[in-house]
Structures are given as structure tokens and as C-alpha cells.
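A.B. asks: Position 114, counted from 1, in the sequence shown is what the numbering used here calls 162; the numbers after and before it change by one each time, with no gaps.
Got a structure for you, questions after.
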Amino acid sequence: MATEDEATAPICRICFLGADEDGDESLGELVSPCNCQGSQSYVHLGCLRRWQRSVQLSGSNHPDETAKEDRHLVCNVCKAEFNLPPQDRTSMMSDLSGMRPEQMGPGMLIVTKKADSDAVSASVQLNLALRAFIESKAAHFHRAVYILTEVRPREGSATSSSSRNGNDVIIGVNLSRPLEVPDVSQLHGAEDERAIQSYRDQGVEVMWMNGGPVKPRTVTCLACVKHINAERREALFAKHGVKQFFEGPIAVVHGPMRSMLACAAEEAKAAAAVCEEKIVVLAWAGFAQWSCTQLLGEIARGSWGWCCGTGHDVAHAIAAQRPPPADAQGSDIWDGLRYSERLQWAPENELSREFESRFPSRSEVASEREQDPQAEAVGHLVRQFEAIRRGRDPLLRMEQPRGTHESDRPAGARTGAAAVGSSRLRGCVPH
Ligand SMILES: [Zn+2]
Ligand SMILES: [Zn+2]
Numbered sequence: 049m050a051t052e053d054e055a056t057a058p059i060c061r062i063c064f065l066g067a068d069e070d071g072d073e074s075l076g077e078l079v080s081p082c083n084c085q086g087s088q089s090y091v092h093l094g095c096l097r098r099w100q101r102s103v104q105l106s107g108s109n110h111p112d113e114t115a116k117e118d119r120h121l122v123c124n125v126c127k128a129e130f131n132l133p134p135q136d137r138t139s140m141m142s143d144l145s146g147m148r149p150e151q152m153g154p155g156m157l158i159v160t161k162k163a164d165s166d167a168v169s170a171s172v173q174l175n176l177a178l179r180a181f182i183e184s185k186a187a188h189f190h191r192a193v194y195i196l197t198e199v200r201p202r203e204g205s206a207t208s209s210s211s212r213n214g215n216d217v218i219i220g221v222n223l224s225r226p227l228e229v230p231d232v233s234q235l236h237g238a239e240d241e242r243a244i245q246s247y248r249d250q251g252v253e254v255m256w257m258n259g260g261p262v263k264p265r266t267v268t269c270l271a272c273v274k275h276i277n278a279e280r281r282e283a284l285f286a287k288h289g290v291k292q293f294f295e296g297p298i299a300v301v302h303g304p305m306r307s308m309l310a311c312a313a314e315e316a317k318a319a320a321a322v323c324e325e326k327i328v329v330l331a332w333a334g335f336a337q338w339s340c341t342q343l344l345g346e347i348a349r350g351s352w353g354w355c356c357g358t359g360h361d362v363a364h365a366i367a368a369q370r371p372p373p374a375d376a377q378g379s380d381i382w383d384g385l386r387y388s389e390r391l392q393w394a395p396e397n398e399l400s401r402e403f404e405s406r407f408p409s410r411s412e413v414a415s416e417r418e419q420d421p422q423a424e425a426v427g428h429l430v431r432q433f434e435a436i437r438r439g440r441d442p443l444l445r446m447e448q449p450r451g452t453h454e455s456d457r458p459a460g461a462r463t464g465a466a467a468v469g470s471s472r473l474r475g476c477v478p479h
């Protein structure tokens, strides 16, 4: 008597078709990817691949959440690991976004697609304080232009200098969001009031910016250099241990506040010979942080466009923050870039279609918001909240976003390793 297994031709446990009945070449051969026996043992290669991909593309894009997901790696019946591992998430997100991980690096700009955040529309009916809380989180990504400033291996993972790892930490700061002057004594890596005043007397102005949602008290700085001769720049940057993002007529340098102020003072001296211009050091409190794969995922779903930045972009961001706006149209850097042909966007893909269907564009809601009676009060609360995060009230130290693995030490200590010479970073590789 034949057993069931011998009598029954093997069929796929997902689509219940056999090896030859598909009529659809894409199902592929029947494979046995785990330790399941009998009728449960077979699956079409194509069906397995589709299942694995659907798991990877559903759910959260946050690295902590994606690390917990294992339904695409492990059979949920026999609990054995599939002997046909799925495409790794980094290369999948890279394919969907149209961006290679190596392209991500210091000097790249990323620009939010939408002017408004989705969190805000859902919160219109909430009470004022709760709405302000939600808006304060979302405001980091309203009309936002981030410049990537640093890529480093995630703590605890092996140092790989050349090839980009999906876990690499990408750090950026918002070029489009000013910050009320903070209490510098509460910040890590900031110079004190007296030092800042003495630089002000030398023609150097510190412009405070809200860098992003992570570590609101950690300071990072950028400055533009255009008056110092190109021949002198390299030695100056090396002396102060600052890194140069862009060469060309307007060089952009990045480093600890003290070094940036010192470089800016040299720039002010050079500028004084030709014009009255104040030299600006952009100082960010806080920053934004992604894993490489996470940012690729956000680009893949269409949240961000990207391009290589230039010194002119940084100069534009500075000019836009100056009262009154230097630009007669008052156009900020987001307006200037959002519809620019310089920006690249992920091609339409399954992730972007799904995201757009969940969070459709809301042009008609935007006009309603103009008459929003709470807008002013909410804006005031958001500014207060940002001030509290930077030390105005010690009771409210709630800030510690997920995905932050760094200990809370001053920025100076952290940048020590990075501040070697004036090595030029060529992260932003054009196609
Ligand atoms: Zn199948
Ligand atoms: Zn199994």
C-alpha cells in the first residue's frame, strides 16, 4: 500500500500547485527550504521569494523593529532557518530607492517631499498640549533640508573603512530650521558666552539651528569659507582639525565649535579686506540619525529626494535665516530645492505606492490649516518645548529617542577620532 507521500505529487504549501501545473514560469522550481516533512515540505522558489519580500516590505522601517522580524528567515512551523535566505534588506532598499549605499555621505542633502507632516492632520482634534507634543516631533521633518555630516560604523560593529554597511550610522542636521538662542551652559561642545562674544567682536556671528530630534544638547558646527585663498585653506583646516565637505569657491567645513570659530575668525580677517560681511558659523543643537538601511528605506518610500550639496546651498541656508530675508522673495532653502531638477527621487515602487496610499497628499487640507485657530498657540508651545529639551527645566529630560546607541558624553569627546587632519570626505558620489 502506498503511503500518502508516495501517492501524492509534491505541491507548493503556499499556492497548492505542483511543479508543472503553474503555467506561470515565475513560480520556479519546487524547493524544500526548511526541515518540514511530507506535504508541508515543498514550496515554489518564486512563492517563497514573494513571501519573504512581502514580510520585508511590510511593517516598520525602524532598525530595532526590522531586527525583530524573522518570518522571512525562519519557518514558522518547524522553526528552522530557511536554507534560501532572502535578499538582505540593505540591497533591497538600495534597489528600490535607486541609490547605492556608498553614495550616502557627508555633504549630501536630503529634502522632504511634503511641506506638512502626516502626524499633524491626525492630531487636529486633539487637545492643545498633546497636539503640540506631536507637532514638536513632526516639525523636524516639515519643509526640511538635512545635510549629512557624518557616517560612522555602528558602535560595536567591526570598522569597515571602505564599504558601507547597512548598520552604519548616518548623521545629518537640518539646514532649514532656526532655533532661539539656547543657554550654552547646558549644551555639550558649545563655547561659553564670553568666547562667543569675543568672536562676535572679530566679526563672527553664531547662528543657532535646530539640528534634529536626537540629543538636543549636542552641538555641531559648519561654516563657509570663501575669502581665504585656496592655497591657505588646507593648512588652516589641518591646524584646526576641521573637515572639508566641498571644495570650490565656497568651501564648507565641519568640526567642533571651538575650531569652527577659530577658522571663521581667520575668514573674517580675510573678508574685512574686501567687504563688511559678517561671517556666520552655523551651530546646531541636536541632530538626526538613521541607519544606512533605514534612510535608504525612507528614500525608497518617497519621503526624501536627494542631491549633492554645494557651498552655495549652505550660503543660501544662512542668508534665508537672516532677518530680513536677504532673498527678496523670502524663499527658504526648502522652497529652492523641493522642485529643483537637481533632486533625485526613488523611482515609483511597491513601497512608495503602499506609502502613498496610506498617507495621500493632502492639498485641500493645507488650505484648511491656514485658518487653524490653534496654529499660533501650538507654535508657541512647540518653541517652549524645544527650549525645555535644551535644559531650561531639569525635570523634563524625557528625550532619548530609540535607535540612539551613543552614550551621553560631550560632542568634543565624540569628534576626537574624526578630527584627524583635514581629510576631504568624498561621500557624495555622483552617478
Ligand atoms: Zn507556489
Ligand atoms: Zn519548516
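Heads up, the beta-carbon is just placed ideally off N, CA and C, and yes, glycines get one too.
(1) With hydrogens ignored, establish whether the beta-carbon of His120 is closer than 6 Å to any heavy atom of ligand 1.
(2) Which term fits Tyr247, buried or exposed, when burial requires 16 or more other beta carbons within 10 angstroms of its beta carbon?
(3) Starting from the C-beta of Ala57, find all residues in its chain whose C-beta is less than 7 Å away, skip the five residues before and the five after it, and write them out in chain order.
(4) Please report the straight-line C-alpha distance between Met255 and Glu314, rounded to a whole angstrom.
(5) Can you list, in chain order, every residue whose CB sits closer than 7 Å to a heavy atom of ligand 2?
(6) Can you give me the Cβ contacts of Gly146 inside the same chain, cut-off strictly under 6 Å, excluding the 5 residues immediately before and after it?
(7) Alpha carbon to alpha carbon, how far is Arg212 from Gln88? Give it in angstroms, no decimals.
(8) Taking 6 Å as the cut-off, is the C-beta of His110 nearer than that to any heavy atom in ligand 1?
(9) Going by CA-CA distance only, name the one from Glu404, Cys272 and Pro261 that's closest to Gly484.
(10) Does the beta-carbon of Glu52 have 16 or more other beta-carbons within 10 angstroms, so that it is buried, or is it exposed?
(11) In angstroms with no decimal places, state the Cα-to-Cα distance between Val300 and Phe293.
(12) Hey, is His428 close to ligand 1, as in C-beta under 6 Å from one of its heavy atoms?
(13) Is it the case that the Cβ atoms of Ser250 and Ala180 are separated by a distance below 7 Å?
(14) For Gly296, count neighbouring Cβ atoms within 10 angstroms of its own Cβ and tell me buried if that reaches 16, exposed if not.
(15) May I ask you to verify whether the region 252-271 touches the region 318-336, counting CB pairs closer than 8 Å and requiring at least 3?
(16) DSSP has Gln337 in a bridge; who is on the other side?
(17) Quick check: does the Cβ of Leu132 come within less than 6 Å of any heavy atom belonging to ligand 1?
(18) Could you please give the first and the last residue of the uninterrupted beta strand (DSSP E) stretch that includes Trp354?
(19) Are the region 107-120 and the region 74-81 touching, with three or more C-beta to C-beta distances below 8 Å?
(20) Kindly provide the ranges of any beta strand (DSSP E) runs that are 3 or more residues long and lie completely inside the region 256-310, ordered along the chain.
(21) Work out the CA separation of Val322 and Ser339 for me, nearest whole Å.
(22) Taking 6 Å as the cut-off, does the CB of Leu93 come closer than this to any heavy atom belonging to ligand 1?
(23) Please state whether the Cβ-Cβ distance between Asn215 and Tyr194 is less than 7 Å.
(24) Go to Tyr247, then tell me how far its alpha helix (DSSP H) extends in each direction, as first and last residue.
(25) Looking only at C-alpha atoms, which of Asp143, Ile381, Gln342 and Ala318 sits nearest to Arg280?
(26) Helix, strand or coil: how does DSSP classify Ile347 here?
(27) Taking the alpha-carbon of Ala425 as reference, which of Ser307, Arg101 and Leu178 has the nearest alpha-carbon?
(28) For Met140, does the three-state DSSP call read helix, strand or coil?
(29) By the 10 Å Cβ neighbour count, where 16 or more other Cβ atoms means buried, how is Asp380 classified, buried or exposed?
(30) Going by DSSP in three states, Ile195 sits in which element: helix, strand or coil?
(31) I need the DSSP call for Thr56, collapsed to helix, strand or coil.
(32) Where does the unbroken alpha helix (DSSP H) through Ile366 begin, and where does it stop?
(33) Does the region 152-163 touch the region 118-127, meaning 3 or more C-beta pairs lie closer than 8 Å?
(34) What residue does the beta strand (DSSP E) around Ile158 start on, and which one ends it?
(35) Please report how far the alpha carbon of Ala342 lies from the alpha carbon of Met141, in whole angstroms.
C.D. replies: Let me lay it out:
(1) no
(2) buried
(3) Gly66
(4) 18 Å
(5) Cys82, Asn83, Cys84, Gln88, Cys123, Val125, Cys126 and Ala128
(6) Ala394 and Pro395
(7) 39 Å
(8) no
(9) The chain is shown only over 49 to 479; residue 484 falls outside these bounds and no answer can be derived.
(10) With a pLDDT of 49 at Glu52, under the threshold of 50, the modelled position of this residue cannot be trusted, and the question is left open.
(11) 5 Å
(12) no
(13) Sequence check: residue 250 is Gln here, not Ser. Not closer than 7 Å, so no.
(14) exposed
(15) yes
(16) Ile219
(17) no
(18) Trp352 to Cys356
(19) no
(20) 262-273, 291-294 and 299-303
(21) 44 Å
(22) no
(23) no
(24) Glu241 to Asp249
(25) Ala318
(26) helix
(27) Leu178
(28) helix
(29) buried
(30) strand
(31) coil
(32) Gly359 to Gln369
(33) no
(34) Met156 to Thr160
(35) Note on residue identity: the sequence assigns Gln, not Ala, to residue 342. Going by the C-alpha atoms only, they are around 8 Å apart.
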